[in-house]
Amino acid sequence: MLIADVYCQNANYEFSDTWMSNISILKKCRQFALVKKGESRKGPYFSLEVLNNNNPKGLSRIGFTVTKRQGCAVVRNRIRRRLKEVVRLCSKDILKPGHDYVIVAKRDTLLVPFKELCTHFVERVRYNKRLYRSGKIFSRET
């Protein structure tokens, strides 16, 4: 049994070996700059930037940003590998076609348990600002 299978079973997400069939990777600086103009969904372990590229039949595209502030190359690559695994395990049927996503990592990504990281990823992707502001999902008690 692979380690990814164990994570998947613990996090209650379906394991998918064909995750690249519905996702493309952002690689060019111009693509990242366009996504930055979209909506930003901040979280404790990473921020998710989302842009609808008005192509409903197109693939979802995802990019990863880990800055030098996070540490040396070894640490940055560990963070990036961890985030890629989260996307691979948890992205099935939640990434909208024709949308671009950029995950901007924070240092705490290495310290948090993997299951919690998966949960936060799903929450950030499904986050709807209008529902949160209207109080249907989240209400602050004063």
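Using our numbering, you'd call the opening residue of the sequence shown number 1 and step up by one each time. The C-beta atom is built at its ideal place from N, Cα and C for all residues, glycine as well. Note that the structure is a prediction, hence the values are computed from the model and not measured.
Beta-carbon separation (whole angstroms), residue i vs residue j, contact threshold 8 angstroms
i, j, result
"residue 60", "residue 96", "7 angstroms"
"residue 64", "residue 103", "5 angstroms"
Proximity winner among the options, relative to residue i (alpha-carbon distances)
i, options, result
"residue 107", "94, 22, 33, 78", "78"
"residue 80", "39, 110, 101, 55", "110"
"residue 90", "105, 116, 28", "116"
"residue 27", "58, 50, 62, 98", "62"
Separation of residue j from residue i, as counted between CA atoms
i, j, result
"residue 34", "residue 128", "21 angstroms"
"residue 118", "residue 86", "6 angstroms"
"residue 92", "residue 71", "30 angstroms"
Residue i (DSSP reduced to helix, strand or coil)
i, result
"residue 122", "helix"
"residue 87", "helix"
"residue 67", "coil"
"residue 100", "strand"
Residue i vs residue j beta-carbon contact at 8 angstroms
i, j, result
"residue 126", "residue 94", "yes"
"residue 45", "residue 122", "no"
8 angstroms Cβ cutoff, residue i in contact with chain D
i, result
"residue 52", "This model lacks chain D altogether, as it is built from one protein chain only."
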